[in-house]
Amino acid sequence: MNDFTPLLTETPAEHPFAPFVRILGKGKRGARNLTREEAREAMGMLLDDKVEDTQLGAFLMLLRHKEESPEELAGFTEALRERLNAPPIALDLDWPTYAGKKRHLPWYLLAAKCLAQNGVRILLHGGGAHTAGRLYTEQLLEPLSIPLCRDWPSVGKALDQGNLAFMPLGDWAPQLQRMIDLRNILGLRSPIHSLARLLNPLGARCGLQSIFHPGYQAVHRDASGLLGDNVIVIKGDGGEIEINPDTTSHLYGSTGGVSWDEEWPALSAQRHVKPASLDPEHLKALWRGEVQDSYPQLALLATMALALRGLGTPREQAFALAQQYWDARDRSI
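Residue numbering for the sequence shown follows the numbering used here, starting at 211 and increasing by one per position.
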């Protein structure tokens with residue numbers, strides 16, 4: 211008797227997911243993008259847990275190295291939507307919040323609260339605190355009185371009561387949350403961090419997206435166009451949907467399948483000094499009107515204007531309306 215491994219005398223069957231890894235990883239000359247249908251099928255297998263962990267890691271990192279095409283992103287999104295089974299809930303803005311803030315406080319949350327006070331129905335969704343040194347939406351829900359919803363009926367109720375809701379990705383797409391959570395195992399963010407911004411699970415009138423990676427905003431705009439979604443994509447501050455008032459902002463839009471672009475000039479003649487630390491209490495103080503601070507007031511007004519632009523209001527009118535909303539806000543918090 212011995213403990214030698216038996217000889218392999220018959221060729222094992224190839225795993226059904228192997229062709230998708232091969233398409234992406236066949237080398238400089240042999241590799242190519244997935245077609246939209248291939249992407250939909252591949253993501254379907256991932257969502258249905260029909261893939262080995264080794265294949266999942268390889269697939270995500272090959273995509274990360276190559277960078278996704280609009281067709282791939284559209285196919286991935288279609289696979290998720292086919293499995294979502296979300297109820298019909300009227301929504302104005304889909305507002306993904308996955309990056310976290312490092313240099314400035316998340317002023318976009320005050321923008322969302324103020325818009326909600328004025329009848330704009332907004333769904334925030336995020337993937338948790340995945341990177342050290344950043345401040346995430348999930349950490350500020352309770353202090354800012356933003357409803358945390360763990361299922362779709364709760365989202366509908368929160369929107370009906372106050373026009374604003376936050377739902378964690380893990381509660382409606384746990385397989386995608388698991389892929390995001392691989393960040394500290396793989397050492398890199400996977401393409402799922404970008405994909406989550408496209409998903410628009412309730413089919414909102416407009417999806418807002420922030421993509422920090424240069425040159426990638428147009429890819430997301432084109433993917434949303436393929437899906438028939440109305441969208442505005444920006445390079446927001448820190449990767450979140452927040453206009454930086456110190457720099458020019460380029461809006462990559464798609465409305466009714468037609469792409470458009472706008473340049474919004476900087477709102478400040480000179481750059482503001484970055485705060486020494488991020489104190490969440492400053493968010494509440496600004497909302498209550500206890501402090502005046504140029505940078506956040508410009509940032510949140512411009513972000514509100516961005517959202518209103520996504521709902522069809524021209525830029526100048528959107529800024530005027532944002533100022534009107536802010537001045538008349540209910541300051542209790």
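Ideal placement from N, C-alpha and C gives every residue a C-beta, glycine not left out.
Can you name the start and end residues of the beta strand (DSSP E) that Gly-336 belongs to? For this step, residue 336 is matched to residue 126 along the sequence shown. Segment 332 to 336, the beta strand (DSSP E) holding Gly-336.
Beta-carbon separation (whole angstroms), His-430 vs Ile-421, contact threshold 8 Å: Position 220 of the sequence shown holds residue 430. Position 211 of the sequence shown holds residue 421. Right, the Cβ-Cβ distance comes to about 5 Å (below 8 Å), so this counts as a contact.
Helix, strand or coil for Tyr-462, going by three-state DSSP, please let me know. As a first step, residue 462 is located in the sequence shown; it is residue number 252 there, counting from the start. Residue state, collapsed to three classes: strand.
Would you mind working out which of Tyr-346, Ser-434, Leu-379 sits nearest Cys-359, comparing C-alpha positions? Position 149 of the sequence shown, counted from the start, is the residue given in the question as residue 359. The shortest Cα separation from Cys-359 among Tyr-346, Ser-434, Leu-379 belongs to Leu-379.
Closer than 8 Å by C-beta to Ala-339: which residues in its own chain qualify, once you throw out the five before and the five after it? Chain order, please. On the sequence shown, position 129 is the one that residue 339 refers to. Gly-310, Tyr-346, Glu-348, Gln-349.
Glu-282 Cβ short of 7 Å to the ligand COA heavy atom set: With respect to small molecules bound, the structure shown includes none, and the ligand COA cannot be examined in it.
So, are the CB atoms of Leu-270 and Leu-409 less than 8 Å apart? Within the sequence shown, the letter at position 60 stands for residue 270. Within the sequence shown, the letter at position 199 stands for residue 409. Not in contact: Leu-270 and Leu-409 (Cβ atoms no closer than 8 Å).
C-alpha distance - Arg-541 paired with Arg-498, whole-angstrom precision: In the sequence shown, counting from the first residue as 1, residue 541 sits at position 331. In the sequence shown, counting from the first residue as 1, residue 498 sits at position 288. One C-alpha to the other measures close to 5 Å.
In angstroms, rounded to a whole number, what distance separates the CA positions of Ser-400 and Gly-438? Residue mapping note: residue 400 aligns to position 190 of the sequence shown, counting from 1. Residue mapping note: residue 438 aligns to position 228 of the sequence shown, counting from 1. Between Ser-400 and Gly-438, the C-alpha separation is close to 25 Å.
Beta bridge counterpart(s) of Trp-470 as assigned by DSSP: Taking the sequence shown and counting its residues from 1, one reaches residue 470 at position 260. Per DSSP, Gly-463.
In terms of alpha-carbon separation, which member of Thr-221, Leu-325, Trp-305 lies closest to Met-377? Working through the sequence shown from its first residue, we reach residue 377 at position 167. Nearest C-alpha to Met-377: Trp-305.
Neighbourhood of Leu-272 by C-beta distance below 6 Å, restricted to the same chain and skipping five residues each side: The residue labelled residue 272 in the question sits at position 62 within the sequence shown. Contacts found: Leu-234, Gly-235.
From what residue to what residue does the beta strand (DSSP E) around Gln-419 run? The count along the sequence shown starts at 1 and reaches residue 419 at position 209. Run containing Gln-419: 416 to 420, per the beta strand (DSSP E) assignment.
Using the C-alpha atoms, what's the distance from Gly-417 back to Arg-549? Residue 549 lies beyond the stretch modelled for the chain, which goes from 211 to 543, so this question has no answer here.
Using a threshold of 8 Å, state whether the C-beta atoms of Leu-257 and Ala-289 are closer than that. Translated into the one-based positions of the sequence shown, residue 257 becomes position 47. Translated into the one-based positions of the sequence shown, residue 289 becomes position 79. Taking 8 Å as the Cβ cut-off, Leu-257 and Ala-289 qualify as a contacting pair.
Based on the DSSP secondary-structure assignment, which residues constitute the bridge partners of Ala-375? Counting from 1 along the sequence shown, the entry for residue 375 is found at position 165. According to DSSP, Ala-375 bridges with Leu-333.
Go to Pro-280, then tell me how far its alpha helix (DSSP H) extends in each direction, as first and last residue. The residue labelled residue 280 in the question sits at position 70 within the sequence shown. Pro-280 -> alpha helix (DSSP H) spans 280 to 294.
Is Leu-477 near Leu-320, with beta carbons less than 8 Å apart? Here residue 477 refers to the residue found at position 267 when the sequence shown is read from its first residue. Here residue 320 refers to the residue found at position 110 when the sequence shown is read from its first residue. In this structure, Leu-320 does not lie closer than 8 Å to Leu-477 by Cβ.
Burial state of Trp-362 (16 or more Cβ within 10 Å): Along the sequence shown, one-based indexing puts residue 362 at 152. So Trp-362 counts as buried.
Could you check how far apart the C-beta atoms of Ala-509 and Ala-532 are, in whole angstroms? I think they sit under 8 Å. Here residue 509 refers to the residue found at position 299 of the sequence shown. Here residue 532 refers to the residue found at position 322 of the sequence shown. So it is not a contact: roughly 11 Å between Cβ atoms.
Opposite Lys-311 in the DSSP bridges: which residues? Looking up residue 311 in the sequence shown gives position 101. Leu-345.
Between Ile-442, Ile-390, Glu-450, Ala-252, which has its C-alpha nearest Trp-474's C-alpha? Along the sequence shown, read from residue 1 onward, the residue named residue 474 stands at position 264. Taking only the C-alpha atoms, the option nearest Trp-474 is Ile-442.
Specify, as a first and last residue, the run of the alpha helix (DSSP H) that Asp-432 falls within. Position 222 of the sequence shown, counted from the start, is the residue given in the question as residue 432. Looking at the DSSP string, the run of the alpha helix (DSSP H) that includes Asp-432 is 427 to 437.
Can the beta-carbon of Pro-298 be found less than 8 Å from the beta-carbon of Leu-436? Within the sequence shown, numbered from 1, the residue matching residue 298 stands at position 88. Within the sequence shown, numbered from 1, the residue matching residue 436 stands at position 226. No. Outside cutoff.
Three-way DSSP call (helix, strand, coil) for Asp-370 in this model: By one-based count along the sequence shown, residue 370 stands at place 160. Three-state DSSP puts Asp-370 in a helix.
What residue range does the beta strand (DSSP E) around Ile-395 cover? Numbered from its first residue, the sequence shown carries residue 395 at position 185. Premise fails: Ile-395 lies in the alpha helix (DSSP H), 393 to 396, not in any beta strand (DSSP E).
Based on Cα-Cα distance, which residue from Lys-260, Ala-517, Ile-356 lies nearest to Ile-453? Position 243 of the sequence shown, counted from the first residue, corresponds to residue 453. Selected option, being the one with the closest Cα: Ala-517.
Quick one, which of Ala-342, Leu-412, Gly-522, Ala-383 has its alpha-carbon nearest Thr-465's? The count along the sequence shown starts at 1 and reaches residue 465 at position 255. Out of Ala-342, Leu-412, Gly-522, Ala-383, Gly-522 has the C-alpha closest to the C-alpha of Thr-465.
For Asp-302, count neighbouring Cβ atoms within 10 angstroms of its own Cβ and tell me buried if that reaches 16, exposed if not. Taking the sequence shown and counting its residues from 1, the one referred to as residue 302 is at position 92. Label assigned to Asp-302: buried.
Straight-line CA distance for Val-365 to Cys-324? Reading the sequence shown from its first residue, position 155 is the one you call residue 365. Reading the sequence shown from its first residue, position 114 is the one you call residue 324. For Val-365 and Cys-324, the distance between alpha carbons rounds to 18 Å.
In angstroms, rounded to a whole number, what distance separates the CA positions of Gln-385 and Asp-370? Working through the sequence shown from its first residue, we reach residue 385 at position 175. Working through the sequence shown from its first residue, we reach residue 370 at position 160. Each residue's alpha carbon lies about 29 Å from the other.
Residues sharing a beta bridge with Asp-304, DSSP: For this step, residue 304 is matched to residue 94 along the sequence shown. In DSSP, Asp-304 forms a bridge with Leu-333, Gly-417.
The beta strand (DSSP E) with Ile-444 in it runs from where to where? On the sequence shown, position 234 is the one that residue 444 refers to. From DSSP, the beta strand (DSSP E) with Ile-444 extends over 441 to 444.
Please work out which residues of its chain come closer than 6 Å, Cβ to Cβ, to Arg-407, disregarding the five sequence neighbours upstream and downstream, and give them in chain order. As a first step, residue 407 is located in the sequence shown; it is residue number 197 there, counting from the start. Here the set comprises Pro-306, Gln-419.
Looking at Gly-329 and Asn-373, is the spacing between their C-beta atoms short of 8 Å? In the sequence shown, the residue the question calls residue 373 occupies position 163. In the sequence shown, the residue the question calls residue 329 occupies position 119. In contact: Asn-373 and Gly-329 (Cβ atoms closer than 8 Å).
Run through the DSSP bridge pairs and tell me what Leu-358 is partnered with. Here residue 358 refers to the residue found at position 148 of the sequence shown. Leu-358 is bridged to Phe-376.
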